[in-house]
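Encoded as structure tokens, the structure appears first; notes follow it.
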């Protein structure tokens with residue numbers, strides 16, 4: 040698991056499509072002193088262990104707001 044508080048932005052205009060996951064869950068995490076948006080992705084049905092937790096990323100408030108801002112600019 041990774042908690043993201045800040046990040047750099049780069050363009051990836053030569054990117055290729057990724058495989059899609061079967062499921063992602065957004066969790067609203069409250070640790071008492073701080074809140075996070077957490078995204079958990081789960082593996083495809085074709086993996087050795089289907090639907091196993093694959094990746095987790097947690098965004099603090101500032102990182103989430105920056106992602107929203109970038110999304111508005113990008114789309």
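In the working numbering, the protein residues as written are 40 to 114.
Every residue gets a Cβ at the ideal spot worked out from N, C-alpha and C, and that includes glycine.
Here the structure is a predicted model, which means the values were calculated and not measured.
Run through the DSSP bridge pairs and tell me what residue i is partnered with.
i	result
residue 80	63 and 94
residue 69	74
residue 41	96
Can you tell me whether residue i sits near the ligand MG, meaning its C-beta is under 7 Å from at least one heavy atom of the ligand?
i	result
residue 90	Judged by which ligands are present, the structure shown has none, so any question about the ligand MG falls away.
Between the Cα of residue i and the Cα atoms of the options, which residue gives the shortest distance?
i	options	result
residue 61	114, 86 and 70	86
residue 94	101, 103 and 83	83
residue 76	103, 45, 40 and 54	103
residue 96	68, 108 and 114	68
residue 46	114, 57 and 106	106
In chain order, what residues of the same chain lie with their CB nearer than 6 Å to the CB of residue i, ignoring the 5 residues before and after it?
i	result
residue 65	78
residue 111	none
residue 42	97
So, for residue i: in the same chain, excluding its five sequence neighbours on each side, which residues have a beta-carbon less than 8 Å away from its beta-carbon?
i	result
residue 81	60, 61, 62, 63, 64, 90, 91, 92 and 93
residue 116	As displayed, the chain neither begins before 40 nor continues past 114, which places residue 116 out of reach and without an answer.
Within a Cβ cutoff of 7 Å, which residues of the same chain sit near residue i, ignoring the five residues on either side of it in sequence?
i	result
residue 48	109
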